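Report on the structure given below.
Residue numbers (the working numbering): 48 to 439.
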């Protein structure tokens, strides 16, 4: 029964397309979760999905189960419009990939505390990877444990588009936060708890809505809140200054705060798992996409070798964490040099991205212009053509 519910959810996700012109809920902003002055009502207003731009290959994703494993074969091309790539913060063009992700159908929660993993977090139901970490560091040494920049807190321009996504040097389009167009399509613009994909350890992820009572869906829905917050005080070394969300290390998880554990997940019932399961959430606030794992991630989610990017081009972060456990930070894309766009070292706040004036988070990073979505006028594509029969 559980597998049939998952199959139905994925089939519905695969078949829903939007072929008419639509307008953005927030046409002048790329991210709807970083403006402190934004109202709760406007935050909840979801962007309308656009179909894949004609300049890109068609979205292709095949989801199947064989034995104890689920397989997601994808070309990593989104099924919605994107921003313009390359752009000022990201020098890379979107290209089709040939990737197969593998994960257990019945994952096990093996970590009492979340564990890091040298790879991406997971893959969405449309086949696009979620890779929240960056490769840019304050000291310019991508392999160090130095202060690592955050992509979506408004202090650095990594060229993310209206879907909180950008492109790796090999052409892989990937999300750094809630994929707004995909979410809008799955929820039809209404608050719903929807299956958005699977993590590298096999557990499902949802967001940003979940049940008020994780054990009783009849009590209704709420926007799930994270247990992370900004640290108080100032940084003890490196860039110095007040903790303001510029760096990964500016945040801490607090037990009892919010709805989720340090993995940005919890145990509870979901539409696809009425008997209950551990599941993750994508949230509007940090960490946006989970950074830690409750289960054991599959090796197919480890980062692949990537070609070097243009010097000074501000390559997006490869995400993930190298072996070494907590405190070991993710490698950048090779050739990125570690520095963010426009910076060649020196004091923080100089060169390519001055600190944002006022507010903890700004919706658009400095120098980034709003990337207007492009509309496809070609014949609608039935994504069911790319979803093979599920062997649940």
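Glycine residues also receive a C-beta, built at the ideal position from the N, C-alpha and C atoms.
Values in this document were obtained by computation on a predicted structure and should not be read as measured data.
Given residue i, which residues of its chain have a CB within under 7 Å of its CB, disregarding the five upstream and five downstream residues?
i, result
"residue 166", "247, 344, 348, 349, 350 and 367"
"residue 327", "246, 250, 252, 310, 311, 312 and 337"
"residue 260", "266"
"residue 156", "325, 341 and 342"
"residue 162", "339 and 340"
"residue 297", "277, 278, 290 and 291"
"residue 103", "124 and 141"
"residue 287", "281"
"residue 160", "309"
Quick check: does the Cβ of residue i come within less than 7 Å of any heavy atom belonging to the ligand MN?
i, result
"residue 188", "Inclusion of the ligand MN in the displayed structure is not the case, the ligand content being empty and no account of it being possible."
DSSP three-state label for residue i, please.
i, result
"residue 346", "helix"
"residue 209", "coil"
"residue 119", "strand"
"residue 276", "strand"
"residue 178", "coil"
"residue 317", "coil"
"residue 124", "coil"
"residue 199", "coil"
"residue 171", "strand"
"residue 113", "strand"
"residue 271", "coil"
"residue 159", "coil"
"residue 131", "coil"
"residue 297", "helix"
"residue 242", "strand"
"residue 440", "Because the chain spans 48 through 439 in this model, residue 440 falls outside it and cannot be assessed."
"residue 227", "helix"
"residue 234", "helix"
"residue 146", "strand"
"residue 308", "coil"
"residue 214", "strand"
"residue 333", "coil"
"residue 188", "coil"
"residue 266", "strand"
"residue 324", "strand"
"residue 290", "coil"
"residue 260", "strand"
"residue 137", "strand"
"residue 108", "strand"
"residue 249", "coil"
"residue 340", "strand"
"residue 154", "coil"
"residue 166", "strand"
"residue 281", "strand"
So residue i and residue j are supposed to be a Cβ contact under 8 Å. How far apart are they, rounded?
i, j, result
"residue 234", "residue 211", "With 8 Å as the limit, residue 234 and residue 211 do not qualify as a contact, their Cβ atoms being about 16 Å apart."
"residue 134", "residue 206", "5 Å"
"residue 285", "residue 185", "5 Å"
"residue 213", "residue 137", "5 Å"
"residue 295", "residue 197", "6 Å"
"residue 258", "residue 270", "The Cβ separation is near 12 Å, so there is no contact."
"residue 223", "residue 283", "Between residue 283 and residue 223 the Cβ distance is about 27 Å, and since that is not below 8 Å, they are no contact."
"residue 225", "residue 254", "6 Å"
"residue 33", "residue 229", "This structure does not reach residue 33, given that the chain is present from 48 up to 439, and the question cannot be answered."
Given residue i, which residues of its chain have a CB within under 6 Å of its CB, disregarding the five upstream and five downstream residues?
i, result
"residue 272", "305 and 306"
"residue 129", "208"
"residue 241", "233 and 234"
"residue 158", "341"
"residue 176", "167, 170 and 221"
"residue 53", "319"
"residue 132", "140, 141 and 214"
"residue 119", "110, 148 and 170"
"residue 300", "274, 275 and 309"
Got a sec? Which residues, its chain only, sit under 8 Å from residue i by beta carbon, not counting five neighbours each side?
i, result
"residue 99", "Below a pLDDT of 50, predicted positions are generally treated as unreliable, and residue 99, at 44, falls in that range; the measurement from the model is reported next regardless. The answer, listed in chain order, is 105, 106, 124, 125, 126, 127, 128, 423 and 428."
"residue 117", "110, 111, 149, 150, 151, 152, 245 and 249"
"residue 303", "274"
"residue 115", "151, 152 and 153"
>> For the structure I just gave you, are there three or more beta carbon pairs, one from the region 290 to 302 and one from the region 196 to 212, closer than 8 Å?
In response: yes
>> Taking contact to mean 3 or more Cβ pairs, one atom from each stretch, closer than 8 Å, check whether the region 300 to 315 and the region 214 to 228 are in contact.
In response: no
> Is there contact between the region 325 to 342 and the region 140 to 147, where contact requires at least three CB pairs shorter than 8 Å?
Replying inline: no
> Counting pairs of Cβ atoms below 8 Å between the region 319 to 334 and the region 269 to 277, do you hit three or more?
Replying inline: yes
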